[in-house]
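Written below as structure tokens is the structure these notes are about.
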Amino acid sequence: MRLFNILLAGSLAWTTAAAHAQAPATTLPGMSPVPTTKVLAIGSMTSADAAPAATKLMPQEVPATVRLYLAGKIDSWYVRKDTRGVVFLMNVSTVEEAHDLLEKLPLGVAGLIKFDLIPIGPLSPLNYLLPAAK
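Mind the numbering: the sequence shown is residues -21 to -1, 1 to 113 in mature numbering (1 follows the signal peptide of the UniProt record, and there is no 0), read in order.
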């Protein structure tokens, strides 16, 4: 179990660093590659004075976001507790697709929100819990 925890921590550290650099996903030596199955989109206002303009756009922003949810592109959404912003778990397989969808929302068009986009996928260290393939 200790080996699994070490591998898990290493995998998370590596994928987090790679995602923040917006580099293509890489696989740790000895790890199985996994597909990107979702993108975590962490949004924040572009400036402190963006809030009044963002509030005026909410009657357009909310329905547009609901449309993405109903189209299956947003799996779940949350409000940030540390600052004004949102967090979306998106059902897309590339950071580029997430970026394109989010930039078309009213707050994105107005340049009032920016997103950190993190590609995520299945937890590859779980392969170590499976019997070896024959």
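Just so it is clear, CB atoms sit at the ideal spot from N, CA and C, and this is done for glycine as well.
- When the alpha-carbon of R59 is set against those of F94, P110, I99, the nearest one is in F94.
- With contacts defined as CB atoms closer than 8 Å, D54 and M37 fail to qualify as a contacting pair.
- The alpha-carbon separation between S103 and P31 amounts to approximately 43 Å.
- In the DSSP assignment, P98 falls within the unbroken beta strand (DSSP E) covering 92 to 99.
- Separation of A89 and V13 (C-alpha to C-alpha, rounded to the nearest whole angstrom) is 35 Å.
- Per DSSP, reduced to three states, the secondary structure at G22 is strand.
- When secondary structure is reduced to three states using DSSP, K35 falls in the helix class.
- E82 and K113 have their alpha carbons spaced roughly 47 Å apart.
- For D79, the uninterrupted alpha helix (DSSP H) run begins and ends at 74 to 82, by DSSP.
- Excluding sequence positions up to five before and after G64, its CB lies within less than 8 Å of the CB of I21, G22, S23, M24, V58, I92, all in the same chain and listed in chain order.
- In the three-state DSSP reduction, V13 falls in the coil class, being neither helix nor strand.
- Counting only the Cα atoms, P85 lies some 45 Å from L108.
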